[in-house]
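J.: First residue of the sequence shown? That's 22 in this note's numbering, and the numbers climb one at a time after it. Ideal placement from N, C-alpha and C gives every residue a C-beta, glycine not left out. Predicted model only: the values in this text are computed from it and were never measured. Dropping a structure here in structure tokens format, bear with me for questions.
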Amino acid sequence: MRVVDLIRQKRDGIELSPEDLRALVEGYTNGEVPDYQMSAFLMSCFFRLMTPKELAAWTEAMLHSGHVLDLSDIPGAKVDKHSTGGVGDKVSLILAPLAVAAGLKVPMISGRGLGHTGGTLDKLESIPGFDVNLPVDRFIEMVRTLGCGLIGQTGEVAPADKKIYALRDVTSTVECIPLIASSIMSKKLAEGIDALVLDVKVGSGAFMKDLGRARELARTMIDIGAQMDRPVRALITDMDQPLGLAIGNSLEVWESIETLRGNGPEDLTELTIELVLEMLDVAGQVGNRVETKRHLRELLEDGSALRVFQNIIKAQGGDPGVCDDRDKLPTARHTEAFVAWSDGLIVRMNAEEVGIAAMELGAGRRTKEDVIDHAVGLMFEKKRGELVTEGDTILIIHYNDATHLESCKARLRAAIEIGDGPAYEQPLILDRLA
Ligand code: URA
22 MRVVDLIRQK RDGIELSPED LRALVEGYTN GEVPDYQMSA FLMSCFFRLM TPKELAAWTE
82 AMLHSGHVLD LSDIPGAKVD KHSTGGVGDK VSLILAPLAV AAGLKVPMIS GRGLGHTGGT
142 LDKLESIPGF DVNLPVDRFI EMVRTLGCGL IGQTGEVAPA DKKIYALRDV TSTVECIPLI
202 ASSIMSKKLA EGIDALVLDV KVGSGAFMKD LGRARELART MIDIGAQMDR PVRALITDMD
262 QPLGLAIGNS LEVWESIETL RGNGPEDLTE LTIELVLEML DVAGQVGNRV ETKRHLRELL
322 EDGSALRVFQ NIIKAQGGDP GVCDDRDKLP TARHTEAFVA WSDGLIVRMN AEEVGIAAME
382 LGAGRRTKED VIDHAVGLMF EKKRGELVTE GDTILIIHYN DATHLESCKA RLRAAIEIGD
442 GPAYEQPLIL DRLA
């Protein structure tokens with residue numbers, strides 16, 4: 022294989038063979054193909070996209086670039102969920118224990134937050150002692166005994182994606198549907214799952230800003246799954262305002278615990294239940310959808326899902342006492358109410374700007390190297406569609422360092438629109454693809 026020939030073929034729109042794509046991924050992973058050639062190849066993909074055959078071969082090569090977990094001797098359906106990321110999206114923390122309480126196995130390998138979106142690992146690490154870096158054999162043992170483990174991507178799983186994603190990040194080739202779909206699917210399928218549910222977010226706080234692109238991404242991932250005999254379902258969901266009321270790591274953990282107790286905000290509770298319903302359905306375990314949804318709500322209200330979460334926390338070295346005592350989670354030193362500046366209706370919220378406002382306080386990372394502050398964030402009291410009078414609290418800012426407080430407030434002021442209405446309305450679940 023001459024890499025320059027493969028770049029030329031891709032540049033000119035000629036379909037590449039599975040063997041060539043495999044060799045390219047292998048060569049790049051082991052350092053034989055240099056960054057400058059892979060960069061040119063990725064940019065060609067950005068403009069020329071990939072055929073379904075190319076995409077399947079490329080994804081398979083990334084999937085097999087490292088360790089593919091074998092969970093076949095663990096009884097039960099192994100199903101995971103992946104979200105394309107959003108603001109206030111703490112669904113995984115509730116969904117994994119709930120799905121286990123409902124009878125599924127959930128081997129969940131998650132990521133960290135970057136920019137305006139949060140990451141599951143950062144949220145979990147606000148629980149004192151919680152270790153997200155378990156070795157793979159411990160993780161597998163947890164899936165076997167507790168039904169679930171919650172860890173971060175290790176160097177052993179899909180290393181090709183890790184390397185290629187880092188290169189895409191600095192070569193402006195992230196926003197390319199085949200590259201996004203193959204990146205997500207290679208990591209998820211390497212977990213050894215039987216099936217996958219996707220939460221593809223659309224709106225101001227999402228990666229995909231319009232419904233058409235979100236559907237295309239979902240369809241591309243469903244097709245990859247089908248080629249590999251792994252059923253995939255997708256919900257397209259609203260990310261035009263934050264999910265739930267909390268943004269920021271320990272605030273979101275507490276909101277998750279409350280939701281696991283049956284006391285969560287309705288949008289968060291509903292979305293989590295709908296996603297677990299899809300997980301059960303894709304595993305062939307749903308007779309009646311209405312009945313199943315009622316049962317899932319019961320598993321929250323009777324404490325079953327919360328007990329699973331406590332067991333996971335304990336097994337991963339964390340303090341399960343956080344579930345009963347909020348003070349065991351990191352708490353910010355200061356709070357300040359952010360109030361309505363006029364009477365009216367909250368017409369819309371720019372979720373991305375709200376996420377950046379939280380990041381500025383220290384809740385998120387501007388660059389991968391930034392250290393986050395688990396205690397800080399925003400706690401909403403009013404959301405889209407609610408009436409306010411001047412001086413009403415819209416949200417509480419939790420902060421430790423006042424350096425960026427003013428710019429955070431200025432950003433919130435610009436992100437939240439108060440007017441005469443009507444409010445911009447959008448259903449929580451916009452579409453379901455199978
Ligand atoms: N998330 C991923 O895991 N990969 C992408 O390419 C984009 C988002």
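Excluding the 5 residues flanking Tyr-49 on each side, which residues of the same chain have their C-beta closer than 6 angstroms to its C-beta?
T.: Result list for Tyr-49: Met-59, in chain order.
J.: Any chance you could list the alpha helix (DSSP H) runs of at least 4 consecutive residues sitting entirely within the segment 253–316, in chain order?
T.: 270–281, 287–303
J.: State buried or exposed for Pro-96, treating a residue as buried only when at least 16 other CB atoms are found within 10 Å of its CB.
T.: exposed
J.: DSSP three-state label for Leu-76, please.
T.: helix
J.: Output needed for Asp-152: all residues of its chain with C-beta closer than 8 angstroms, excluding positions within five of it in sequence on either side, in chain order.
T.: Gln-337, Gly-338, Gly-339
J.: Under 8 angstroms by Cβ, that's how I've got Val-164 and Gly-173 pegged, so tell me the actual separation to the nearest angstrom.
T.: 15 angstroms between Cβ atoms; not a contact.
J.: So that I know if they touch, is there some Cβ in chain D lying closer than 8 angstroms to that of Gly-134?
T.: Structure shown: chain D not included; a single protein chain is present.
J.: Below 6 angstroms CB to CB, which residues in the same chain sit around Ser-104 once its five sequence neighbours on both sides are set aside?
T.: Asp-110, Asp-220
J.: Under DSSP, the alpha helix (DSSP H) around Cys-429 begins and ends at which residues?
T.: 426–436
J.: If you draw a straight line from the alpha carbon of Lys-126 to that of Leu-292, how long is it in whole angstroms?
T.: Computed Cα separation, rounded: 19 angstroms.
J.: Thinking C-alpha only, which one of Asp-391, Arg-347, Met-260 is nearest Gly-107?
T.: Met-260
J.: Could you give the first and the last residue of the continuous beta strand (DSSP E) run that contains Asp-231?
T.: Run containing Asp-231: none; DSSP gives neither H nor E here.
J.: Which runs of the beta strand (DSSP E) spanning at least 3 residues fall entirely within the segment 119–184, listed in chain order?
T.: Every beta strand (DSSP E) stretch that sits fully inside the segment 119–184 and reaches 3 residues is listed by chain position as 127–131, 169–173.
J.: Once the 5 residues before and after Ile-377 are set aside, which same chain residues still bring their CB inside 7 angstroms of it?
T.: His-137, Arg-432
J.: When we look at the beta-carbon of Thr-141 and count the other beta-carbons within 10 Å, is it buried (16 or more) or exposed?
T.: buried
J.: Between the segment 274–290 and the segment 307–322, can you find at least three pairs of beta-carbon atoms closer than 8 angstroms?
T.: yes
J.: So does Tyr-49 have its beta carbon nearer than 7 angstroms to some heavy atom of the ligand URA?
T.: Outside the cutoff, so no.
J.: Mapping the DSSP letters down to three states, classify Ile-28 as helix, strand or coil.
T.: helix
J.: If we ignore side chains and look at the alpha-carbon of each, how far apart do Ala-358 and Ala-78 end up?
T.: Roughly 53 angstroms between the two C-alpha positions.
J.: Leaving out the 5 sequence neighbours to the left and right, which residues in its chain are closer than 6 angstroms to Ala-61 when beta-carbon positions are compared?
T.: Ile-28
J.: Starting from Leu-451, trace the beta strand (DSSP E) in both directions and tell me its first and last residue.
T.: In the DSSP annotation of this structure, the continuous segment of the beta strand (DSSP E) that includes Leu-451 starts and ends at 450–454.
J.: Please classify Tyr-445: does DSSP put it in a helix, a strand, or coil?
T.: coil
J.: If you follow the alpha helix (DSSP H) that Arg-41 is part of, which residue opens it and which one closes it?
T.: This sequence places Asp at residue 41; Arg is not what is there. Start and end: 39–50.
J.: Check the DSSP bridge columns for Ile-214 and list the partner residues they point to.
T.: DSSP lists no partner for Ile-214.
J.: Strictly by DSSP, which residues pair up with Asp-101?
T.: Leu-217
J.: Is any non-hydrogen atom of the ligand URA found closer than 7 angstroms to the C-beta of Lys-183, if you look at the structure I gave you?
T.: no
J.: Using C-beta distances below 7 angstroms, list every residue in its chain close to Cys-197, excluding the 5 sequence neighbours before and after it, in chain order.
T.: Cys-66, Phe-67
J.: Relative to the C-alpha of Asp-364, which residue among Gly-440, Val-218, Thr-313 is closest?
T.: Gly-440
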